[in-house]
Each structure stands twice: as structure tokens, then as C-alpha cells.
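S.K.: Can you read through this structure? Questions will come right after.
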Amino acid sequence: MSADPKPPPHADDPKAPPWQRVHLWQIQAVRDMLLVGTAVGLVYLGYVLSIVTVPLLVALGLAYLVEPLVTWLAGRVPWLGRRGAVLSIMGILGCAATLALILTVPTVVRQTKQLMMNSDTYLARARAFVISDHLPEWMKEGFGTLADLIPGTPTQDDRASATDPDVDAAEPADQQSPPKPATSAPATSAPATSAPATRPSTATVMDEQAVRALVREELARQPTNVANGSDVAAASGSVIDKVATGTAQVLGFLLGIIGNVANLAIFAFIIVFCFFFFSTTFPRVKQSCSNLIPVHGRERTLELIGKMDHAISGFVRGRLTICAVMGVMYAVGWTICGVPHAVLLGLAIGVCGLVPYLSAIGLPIAWALLVVSLTGAEDRTGFYFSGEGKDAAIVWWKVLLFPAIVNVVVQVVEDYVLNPIIQGKATNLHPATILLAIIAGGSLAGLYGMILAIPVTACLKILTEEVLLPRLKQWLAGNKQDPLPM
Numbered sequence: 001m002s003a004d005p006k007p008p009p010h011a012d013d014p015k016a017p018p019w020q021r022v023h024l025w026q027i028q029a030v031r032d033m034l035l036v037g038t039a040v041g042l043v044y045l046g047y048v049l050s051i052v053t054v055p056l057l058v059a060l061g062l063a064y065l066v067e068p069l070v071t072w073l074a075g076r077v078p079w080l081g082r083r084g085a086v087l088s089i090m091g092i093l094g095c096a097a098t099l100a101l102i103l104t105v106p107t108v109v110r111q112t113k114q115l116m117m118n119s120d121t122y123l124a125r126a127r128a129f130v131i132s133d134h135l136p137e138w139m140k141e142g143f144g145t146l147a148d149l150i151p152g153t154p155t156q157d158d159r160a161s162a163t164d165p166d167v168d169a170a171e172p173a174d175q176q177s178p179p180k181p182a183t184s185a186p187a188t189s190a191p192a193t194s195a196p197a198t199r200p201s202t203a204t205v206m207d208e209q210a211v212r213a214l215v216r217e218e219l220a221r222q223p224t225n226v227a228n229g230s231d232v233a234a235a236s237g238s239v240i241d242k243v244a245t246g247t248a249q250v251l252g253f254l255l256g257i258i259g260n261v262a263n264l265a266i267f268a269f270i271i272v273f274c275f276f277f278f279s280t281t282f283p284r285v286k287q288s289c290s291n292l293i294p295v296h297g298r299e300r301t302l303e304l305i306g307k308m309d310h311a312i313s314g315f316v317r318g319r320l321t322i323c324a325v326m327g328v329m330y331a332v333g334w335t336i337c338g339v340p341h342a343v344l345l346g347l348a349i350g351v352c353g354l355v356p357y358l359s360a361i362g363l364p365i366a367w368a369l370l371v372v373s374l375t376g377a378e379d380r381t382g383f384y385f386s387g388e389g390k391d392a393a394i395v396w397w398k399v400l401l402f403p404a405i406v407n408v409v410v411q412v413v414e415d416y417v418l419n420p421i422i423q424g425k426a427t428n429l430h431p432a433t434i435l436l437a438i439i440a441g442g443s444l445a446g447l448y449g450m451i452l453a454i455p456v457t458a459c460l461k462i463l464t465e466e467v468l469l470p471r472l473k474q475w476l477a478g479n480k481q482d483p484l485p486m
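All residue numbers in the sequence shown are consecutive under our numbering, ending with 486.
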């Protein structure tokens, strides 16, 4: 019995169109659509099963990142073997991570709480600073747009109306009668008839109305006629309901915390377990993936994949190391300069360093935090003040200079020390290309697009230089009929 499929009805008919002489699945466009649909379906299935796929991908990524270190350690200490090298690296990384958490987490939590508690004060000081009358005119113009972005700050039109004396006038200027000259009263006149009765100002009347409204609101909130038994029972029932509702909310909050901790523990366990499995079997995983490539063209494909791997791994591993060093330098430097919440800010800017040039947002934030902490401060003593007591003035050149010095030092160390030593020219991309790639990635996929923009651009550059351009040159020279390498 033959295993070959039955030929199409018009397979031997030369007059039939080509699509009638083959099976449906033999049409190239249909095969391509099925392949793309299968890939999309697998991605969607992974998204649905994210509770499993995310830890697997994280573990595989970590195994990929530490693979050179595992290979080096297993080669330098042969008696350890690959499994012993993986366990040693896991122990070292675990101790380092624990030490880093012990040193940073309490400070970060404390500074985060302080930032949340002082947020209203900082906003009030920022509002007062940007509309202050003591600022020069050029600073007022520069802060005009910034003031509109701060919640609760009067707009520029409101501030102009408040400072315009004609706006507050009760009548237009051309309708007001000129003041009459005062005449001396006779000596025998009584004081009551010598001066006109004064009317209460509009502000006083508005204040009295506000007080009356507040009193009525407070009286409406007070329970009335509680002497009767039904009202007492109703009040008791209301208290019981409130206690029951509060208890349910507390229990729900505690159960939510327990559930989140359990999910985090399961997530961490899956990552650690899968990381150990992937790291110990990484050479076999690579070989299995290589066997999936067709024999025809396998060598060329593996060569291209090797170049992409060099670009991606060099960028990712180097960027993670550089960001960690930058975060520590920012935190220490701004702490010395007296910037509030310096550890929290420095570590956050270190994370932002995953995207090249994004760490530049750190300096304006450091300036803003320093300004709002100094403006309106009760204790006006210290490095950034000049003078004594409440009349001490802020030395603005120090406020601008010293956080900027920290930023310049970190950027110089990154550009001339860390990048050449750790990252080198792994991606081989021009700075202008990197900047354009980051902008394009951010516009397409937000923060994730900005992070992935550099590796994707590096891979596209390799494909263009190694595959597309040579084929295009051959087509232009007349050696190929099709410019596409397919």
C-alpha cells in the first residue's frame, strides 16, 4: 500500500492552471501562511501560559548570560565539572544578591516612604518656587510652561489676572466718579455724623458665608435624637457593620499579601530550577537547535547566528554590568552632594541606563529634588546656604554645579572606561544609529522597544551587510535575476 498522497485531479492536464495541478498544501503562499499562523499561535499560547513560560524564558536568558563564565570556570577547574561550576556560580551570585539586598533595600524602602510622605510638601514648594516674585524675569518666563504642569499651580493667565489691578476693580475706570476732597467737620459735630458708615468688604462677607456653610455641614453630620431606643439600635448595627467590613478588608489584604508572596516564591523556585537545568545542559541545547537547521546552508546560517550572538551577548552582558556600576556611582555621588533620596534615584537611573542615553534624565530630577528640599526649609543651615538664620539665602551656583559634577564624572567613566573595557564595540553601531534606533523602538513599543532596539538593529545590520547587500550588488552587476536572497 503506497504512502504517497493521491495526486490532484488535474495533475496531468497541461491546460489546467498551475494551482489546479497541485494540492492545497503544496502551494507556497498557503505553506507560508500556515507557518506564520503556527508561529503566531505558539506565541499566543505562550502568552496564555505566561505563569510557566515567563520563568522558563527568564531562566533561559540567565543561562545564556552566564554561559561564558560557566565555560571558563569549568575549564580552569576541571575537577568541578560543568555541574559544579554552575552550582558555584549560583552560590556566588546568591550571596552577592543577598548582600546587595541587605545593603540597599532598607535604604530604598525608607527613602521611598519619605518621598511619598513629602510629595505634597514638594509640590507646594515647587508651586511656590516657580511663581515666586524673587525670581528674575528670564527665569519666570522659563518656568511659565513648567508651572502649568505642576498640579494646583495657577495658570499664566490666572497669575496675570491676579497681578493686574484693573481686573479686581468693581467698575470700569471710566464709570468711577473721582474722589471728592475731604472737608473739615465743624467742631461741634458729633463723631457719628462726621464719618460715613463703612460697609463690610467682599472678602469678609465671603468668609462669613464659608463659616456658616461649614457649621451647617458639621451639624448635618452629627447624629440627632439618639435618646430613642430604635436610633441606638440602628447606631449599634451601623458600628457592627463597619467593624465587619473593616475586618473583611483586613483579611482580604492579608490573603492578598500571602498569595503574592506564594506566587513570588513559586516563580523564584521555577527560575532557579530551570536555570540549573539549562546551564548544565546548555551545550546540548545549542546542538539540538543547530540540528533543526537544514543541512544545506547550515554552516552559513551558524556563522550568521554566531555574529548575532556576539553582538547581542556583548551588548546585554556589558550593559547590565555598566548599569550596575553607574547606579552605585550615582547613588554614592549624589548622597555626598546632599541630594534627597539619592540612593533611590541613583539605582533608578542605573536601571534607566539599560537604554543608552536615557540616564540623562537623572540630572534634572536631582536638581528638582534638591531645589524643593531647600526652598522653604526651616533649617537654613548647611553647604547650600549663605548667611545665618531665616535670612540665609540659597547659593544657586552650588545647587547647579555639584550634582552636575557627579553626572559628568559618571558619564566620563562610562564612555572612556566602562564601555571600552566591558562592552567594547560589540554592536559596531554608530552613535547616531543607536540614537535613531532608540527613538524608533520607543515610538513602536515604548520602553520595551527602547531596550530591544539596539540588539535588533545590530542583527539587522549583520543581515544587511552579510546577506542583502552582496545579493543586491550581484543583481546590479547582472549576475543574478532576483535581488532578494531567496
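C-beta: ideal position from N, C-alpha, C; glycine also. All figures in this text were calculated on a predicted structure; none of them were measured in a lab.
1. If Ile-434 sits next to Pro-356, beta carbons under 8 Å apart, how far is it from one beta carbon to the other, in whole angstroms?
2. In whole angstroms, what is the alpha-carbon distance linking Leu-468 and Phe-275?
3. Determine, using beta carbons only, whether Val-417 and Leu-369 come nearer to each other than 8 Å.
4. Roughly how many angstroms separate the alpha carbons of Ser-88 and Phe-273, rounded to a whole number?
5. For the alpha helix (DSSP H) containing Asp-482, list its first residue and its last residue.
6. Out of Met-90, Arg-76, Phe-402, which one is the CA nearest neighbour of Leu-62?
7. In terms of residues, what are the limits of the alpha helix (DSSP H) holding Ala-434?
8. Quick one: grab the DSSP three-state call for Val-36.
9. Flag this pair as touching only if the stretch 456-472 and the stretch 298-306 have three or more C-beta atom pairs under 8 Å; answer yes or no.
10. Grab me the residues of Leu-45's own chain with a C-beta within less than 6 Å of its C-beta, minus the 5 sequence neighbours each way, in chain order.
11. Considering only residues of the same chain and omitting the five flanking positions on each side of Gly-318, which have a CB-CB separation below 6 Å?
12. Mapping DSSP to helix, strand and coil, what is Ile-293?
13. Go through its chain and collect everything with a Cβ distance to Thr-53's Cβ below 6 Å, but skip five positions before and after it.
14. Taking the beta carbon of Gly-297 as the centre, do at least 16 other beta carbons fall within 10 Å, making it buried, or is it exposed?
15. Determine whether the beta carbon atoms of Lys-307 and Ile-462 lie at a separation below 8 Å.
16. Could you give the DSSP three-state label for Ala-477: helix, strand or coil?
17. Report buried or exposed for Val-34, applying the criterion of at least 16 other Cβ atoms within 10 angstroms of its Cβ.
18. Among Met-329, Leu-401, Val-30, which residue has its Cα nearest to the Cα of Gln-411?
19. For the alpha helix (DSSP H) that Gln-26 lies in, which residues bound it at each end?
20. In the structure shown, what three-state DSSP assignment does Ile-392 receive?
21. Sorted by chain position, which residues of the same chain lie with C-beta nearer than 8 Å to Thr-315's C-beta, five sequence neighbours on each side aside?
22. Please identify the residue among Pro-68, Leu-123, Leu-264, Val-372 whose C-alpha is closest to the C-alpha of Ser-313.
23. Less than 8 Å separating the beta-carbons of Leu-115 and Leu-447?
24. Measuring straight from C-alpha to C-alpha, what distance separates Ala-366 and Ile-258?
25. Are there 16 or more other CB atoms within 10 angstroms of the CB of Ala-331, so buried, or fewer, so exposed?
26. Alpha carbon to alpha carbon, what distance is there between Phe-253 and Ala-244?
27. Just the Cα atoms here: how many angstroms apart are Pro-485 and Ala-100?
28. Buried or exposed: where does Ala-128 fall if 16 or more other Cβ atoms within 10 Å of its Cβ makes it buried?
29. With a threshold of 8 Å on Cβ separation, who are the neighbours of Leu-400 within its own chain once the five nearest residues in sequence on each side are excluded?
30. Note the first and the last residue of the continuous alpha helix (DSSP H) segment covering Ile-332.
31. Could you compute how far the alpha carbon of Thr-491 sits from the alpha carbon of Val-250?
32. Shortest alpha-carbon distance to Ile-361 belongs to which of Ala-348, Val-371, Ser-373?
33. Over what stretch of residues does the alpha helix (DSSP H) that includes Arg-83 continue unbroken?
34. Give me the Cα-Cα distance between Gly-389 and Val-395, rounded to the nearest whole angstrom.
35. Expressed to the nearest angstrom, what Euclidean distance is found between the alpha-carbon atoms of Gly-350 and Leu-264?
36. Since Thr-375 and Arg-125 should fall inside the 8 Å C-beta cutoff, what is the C-beta to C-beta distance between them, to a whole number of angstroms?
M.R.: So, from the data block:
1. Residue 434 sits at position 434 when you count from the first residue of the sequence shown. Residue 356 sits at position 356 when you count from the first residue of the sequence shown. About 6 Å separates the Cβ atoms of Ile-434 and Pro-356, confirming a contact at the 8 Å cut-off.
2. Locating residue 468 in the sequence shown gives position 468, where the first residue counts as 1. Locating residue 275 in the sequence shown gives position 275, where the first residue counts as 1. If you take the alpha carbons of Leu-468 and Phe-275, they lie about 37 Å apart.
3. Here residue 417 corresponds to residue number 417 of the sequence shown, with the count starting at 1. Here residue 369 corresponds to residue number 369 of the sequence shown, with the count starting at 1. Taking 8 Å as the Cβ cut-off, Val-417 and Leu-369 do not qualify as a contacting pair.
4. As a first step, residue 88 is located in the sequence shown; it is residue number 88 there, counting from the start. As a first step, residue 273 is located in the sequence shown; it is residue number 273 there, counting from the start. Cα to Cα, the separation comes out at about 15 Å.
5. For the purposes of this step, residue 482 is identified with residue 482 of the sequence shown, where counting begins at 1. Asp-482 -> no alpha helix (DSSP H), and no H or E assigned at all.
6. Residue mapping note: residue 62 aligns to position 62 of the sequence shown, counting from 1. Checked all of Met-90, Arg-76, Phe-402; the closest Cα to Leu-62 is Met-90.
7. Looking up residue 434 in the sequence shown gives position 434. Looking at the sequence provided, one finds Ile at residue 434 rather than Ala. 431-463 is the extent of the alpha helix (DSSP H) around Ile-434.
8. Residue numbering aside, residue 36 sits at position 36 when the sequence shown is read from its first letter. Helix.
9. The stretch 456-472, when compared against the stretch 298-306, does touch it at the 8 Å Cβ threshold.
10. For the purposes of this step, residue 45 is taken as the residue at position 45 of the sequence shown. No residues qualify anywhere along the chain.
11. On the sequence shown, residue 318 is found 318 positions in, with the first residue counted as 1. Excluding five sequence positions before and after Gly-318, the CB atoms of its chain that fall closer than 6 Å to its own CB belong to Ile-422, Gln-423, given in chain order.
12. As a working note, residue 293 is residue 293 in the sequence shown. In the three-state reduction of the DSSP assignment, Ile-293 falls in the coil class.
13. Locating residue 53 in the sequence shown gives position 53, where the first residue counts as 1. Result list for Thr-53: Gly-46, in chain order.
14. Stepping through the sequence shown from its first residue, residue 297 is reached at position 297. Exposed: under 16 other Cβ atoms inside 10 Å.
15. As a working note, residue 307 is residue 307 in the sequence shown. As a working note, residue 462 is residue 462 in the sequence shown. Cβ distance < 8 Å, so Lys-307 and Ile-462 count as in contact.
16. For the purposes of this step, residue 477 is identified with residue 477 of the sequence shown, where counting begins at 1. DSSP places Ala-477 in coil when its eight states are reduced to three.
17. As a working mapping, residue 34 is identified with position 34 in the sequence shown. The sequence as given places Leu at residue 34; Val does not occur at that position. Looking at its Cβ environment, which holds fewer than 16 other Cβ atoms inside 10 Å, Leu-34 is exposed.
18. The count along the sequence shown starts at 1 and reaches residue 411 at position 411. Closest by alpha carbon: Met-329.
19. Residue mapping note: residue 26 aligns to position 26 of the sequence shown, counting from 1. From DSSP, Gln-26 is part of no alpha helix (DSSP H); its letter is neither H nor E.
20. Within the sequence shown, the letter at position 392 stands for residue 392. For the sequence presented, residue 392 should be read as Ala rather than Ile. In the three-state reduction of the DSSP assignment, Ala-392 falls in the coil class, being assigned neither a helical nor a strand state.
21. Taking the first residue of the sequence shown as position 1, residue 315 is located at position 315. A small correction: the amino acid at residue 315 is Phe; Thr does not occupy that position in the sequence shown. If we look at Phe-315 and ignore the five residues flanking it on each side, its Cβ neighbours are Gln-423, Ala-426, Thr-427, Ile-454, Pro-455, Ala-458.
22. As a working note, residue 313 is residue 313 in the sequence shown. The shortest C-alpha separation from Ser-313 is found at Pro-68.
23. Along the sequence shown, read from residue 1 onward, the residue named residue 115 stands at position 115. Along the sequence shown, read from residue 1 onward, the residue named residue 447 stands at position 447. Going by C-beta atoms, Leu-115 is not nearer than 8 Å to Leu-447.
24. Your numbering for residue 366 matches position 366 in the sequence shown. Your numbering for residue 258 matches position 258 in the sequence shown. Annotation: Ala-366 to Ile-258 spans about 36 Å, alpha carbon to alpha carbon.
25. For the purposes of this step, residue 331 is taken as residue 331 along the sequence shown, with counting starting at 1. With a 10 Å radius around the Cβ and a threshold of 16 neighbouring Cβ atoms, Ala-331 comes out buried.
26. Your numbering for residue 244 matches position 244 in the sequence shown. Your numbering for residue 253 matches position 253 in the sequence shown. So the alpha carbons of these two residues sit roughly 14 Å apart.
27. Within the sequence shown, numbered from 1, the residue matching residue 485 stands at position 485. Within the sequence shown, numbered from 1, the residue matching residue 100 stands at position 100. Distance between the alpha carbons of Pro-485 and Ala-100 is about 50 Å.
28. Looking up residue 128 in the sequence shown gives position 128. In the assembly as shown, Ala-128 is an exposed residue. Its beta-carbon has fewer than 16 other beta-carbons within 10 Å.
29. On the sequence shown, residue 400 is found 400 positions in, with the first residue counted as 1. Scanning its chain for C-beta atoms nearer than 8 Å, with the 5 sequence neighbours on each side dropped, one finds around Leu-400 the residues Trp-367, in chain order.
30. Indexing the sequence shown from 1 puts residue 332 at position 332. Residue identity check: residue 332 is Val in the sequence provided, not Ile. Residues 298-337.
31. No information on residue 491 is available, as it lies outside the stretch 1 to 486 that the chain covers here.
32. Here the question's residue 361 lines up with position 361 in the sequence shown. Distance check between Ile-361 and each of Ala-348, Val-371, Ser-373 places Ala-348 closest, using alpha-carbon atoms only.
33. On the sequence shown, position 83 is the one that residue 83 refers to. Note, Arg-83: alpha helix (DSSP H), 81-117.
34. Counting from 1 along the sequence shown, the entry for residue 389 is found at position 389. Counting from 1 along the sequence shown, the entry for residue 395 is found at position 395. One C-alpha to the other measures close to 15 Å.
35. Indexing the sequence shown from 1 puts residue 350 at position 350. Indexing the sequence shown from 1 puts residue 264 at position 264. Their backbone Cα atoms lie some 24 Å apart in a straight line.
36. Translated into positions along the sequence shown, residue 375 becomes position 375. Translated into positions along the sequence shown, residue 125 becomes position 125. The pair is a contact, with the Cβ atoms about 5 Å apart (cut-off 8 Å).
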